[in-house]
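J.: Everything in the sequence shown is counted per our numbering, starting at 1 for the first residue and increasing by one.
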Amino acid sequence: MDPTCGFEGESDLYGLGIRIGVYLQWLTGLLVYVFYPEGYADVSTTTLIFSTAITIGTIVNSSERYASEIFIFLYLFLGGIFITVVLGEHSPYYGAKESRISMFKLLCTVACCFAGSVYSAWFWLEGLMTFFQQSPCGENWGLVFRRVDLYSPGVYKAMGALSCICAVSSGLGLLWFVKKAGVALYKKDRQALRTPRVDTGAQPTYQTGIGAKKTGSRDCHIDLTPLVGFAVFVHSVVGIELTLRWNHISDVYTIRSLGQLIPFVIAVVEFLRFAFKLGKKWRKQRSSARDDHDEDVEYVAAASKRPLTITADDSEA
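Shown next, in the form of structure tokens:
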């Protein structure tokens, strides 16, 4: 492929600043999930805002776009939704107000997932052939599990079918959740949202508030989710960067506009805020462990100095 036959990308939509900001937000979500789960609710809110903005921006700015650009948008959408939905083990909520906020956030997440899946299905099955432009190079490369031509029949049919499955699943999930959330929000008795489950000792979350059941498989889910999340993170980042490189998309490797700077700064501040909280938590844990150790040492020392007392029963024996 001629390296001079590419095209100039839209830096305010997927420029370097925006991409780094999105990558940092994903990475922060993964690290918080593993090392600071009590702070995941705040991070997931920011990630949801990023995902919603990407979804709206993709739909609104679809006119006169190249197919490879939309493929990049879909990658940006995929990573954010995964971090928000699959890593959706929010911190405990103790009252009806907090549970209401959590359920509203999950409702927005599922709605965003549904909108993005519907758009993805339309892109692969209709828009790819009739609405979007092909690369000036004549080939439109993207990374699925390997380098593929986006206009290959096997690729767009398989991706279209997968997008339809995701759209139907998220649509049914949206209907189910609206029903369940409505029952929980307008039910007069809020006791179920405030009382921890006695059998597990867990604090109430939005799952218990809407009646979701916790099973023994959750332990396996918690163990495997960070690994799957990291794999999705790496694949999404590599897929975006290779798609830009393979299609020779230029003017997307600098941070020169305010539109790129704002999400970049937000993501950096969020990451530093998490790092500060995590460091504070670790220092507190080390201090607590040190105090416990000192107490044990003092107890052993005091016990060793205690005089031996012989009772009458011992002397008779």
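The C-beta atom is built at its ideal place from N, Cα and C for all residues, glycine as well.
Keep in mind that this is a model prediction, so the values were computed, not measured.
(1) Span of the alpha helix (DSSP H) holding aspartate 149?
(2) With a threshold of 6 Å on Cβ separation, who are the neighbours of proline 263 within its own chain once the five nearest residues in sequence on each side are excluded?
(3) Helix, strand or coil for isoleucine 249 per DSSP?
(4) Can you tell me whether phenylalanine 145 is buried or exposed? The criterion is at least 16 other CB atoms within 10 Å of its CB, across all chains shown.
(5) Since valine 237 and tyrosine 23 should fall inside the 8 Å C-beta cutoff, what is the C-beta to C-beta distance between them, to a whole number of angstroms?
(6) Spatial neighbours of alanine 167 within its chain, please: C-beta separation below 8 Å, excluding the five flanking residues on both sides.
(7) Indicate whether glutamine 260 and leucine 16 have their beta-carbon atoms separated by less than 9 Å.
(8) With DSSP collapsed to three states, give me the class of glutamine 133.
(9) Kindly indicate which three-state DSSP category glycine 160 falls into: helix, strand or coil?
(10) Go through its chain and collect everything with a Cβ distance to serine 11's Cβ below 7 Å, but skip five positions before and after it.
(11) Taking all protein chains shown into account, decide if phenylalanine 276 is buried (16 or more other Cβ within 10 angstroms of its Cβ) or exposed.
(12) Can you tell me the Cα-Cα spacing of tryptophan 141 and tyrosine 75, whole angstroms?
(13) For glycine 160, collect the residues of the same chain with a Cβ closer than 7 Å to its Cβ; drop the 5 residues on either side in sequence, then sort them by chain order.
(14) Which residue wins for smallest C-alpha separation from serine 62, given the options Gln133, Ile49 and Val34?
(15) Please report how far the alpha carbon of glycine 39 lies from the alpha carbon of phenylalanine 77, in whole angstroms.
(16) Examine chain B for any beta-carbon lying closer than 9 Å to the beta-carbon of lysine 179, and answer yes or no.
(17) Taking 6 Å as the limit between beta carbons, can you name the residues of its chain near glycine 9, skipping five residues before and five after?
(18) For the alpha helix (DSSP H) holding leucine 48, just list the boundary residues, first then last.
(19) Taking only the alpha-carbon atoms, compute the straight-line gap between phenylalanine 131 and isoleucine 266 and give it to the nearest angstrom.
(20) DSSP state of glycine 142, grouped into three classes?
(21) Taking only three categories from DSSP, how would you classify tyrosine 36?
(22) Sort Phe35, Val148, Leu175 and Lys281 by Cα distance to glycine 239 and report the nearest one.
(23) Leaving aside the five residues before and after threonine 332 along the sequence, list all residues of the same chain whose C-beta is less than 8 Å from its C-beta, in chain order.
T.: This is what the structure gives:
(1) Unbroken run through aspartate 149 is the beta strand (DSSP E), 147-149; no alpha helix (DSSP H).
(2) Apart from the 5 residues on each side of it in sequence, proline 263 sits with its Cβ closer than 6 Å to the Cβ of Ile18 and Gly21 in its chain, given in chain order.
(3) strand
(4) exposed
(5) 6 Å
(6) Around alanine 167: Phe114, Ser117, Val118, Ser120 and Ala121.
(7) yes
(8) In this structure, DSSP gives glutamine 133 an extended state, which the three-state scheme calls strand.
(9) Note: glycine 160 maps to helix in three-state DSSP.
(10) Asp251, Val252, Ser257 and Gln260
(11) exposed
(12) 14 Å
(13) Ala121, Trp124 and Leu125
(14) Gln133
(15) 23 Å
(16) Among the chains of the structure shown, chain B does not appear; only one protein chain is present.
(17) Ile249, Asp251 and Val252
(18) 40-60
(19) 34 Å
(20) strand
(21) coil
(22) Val148
(23) For residue 332 there is no data in the structure shown, the boundaries of the chain being 1 and 317.
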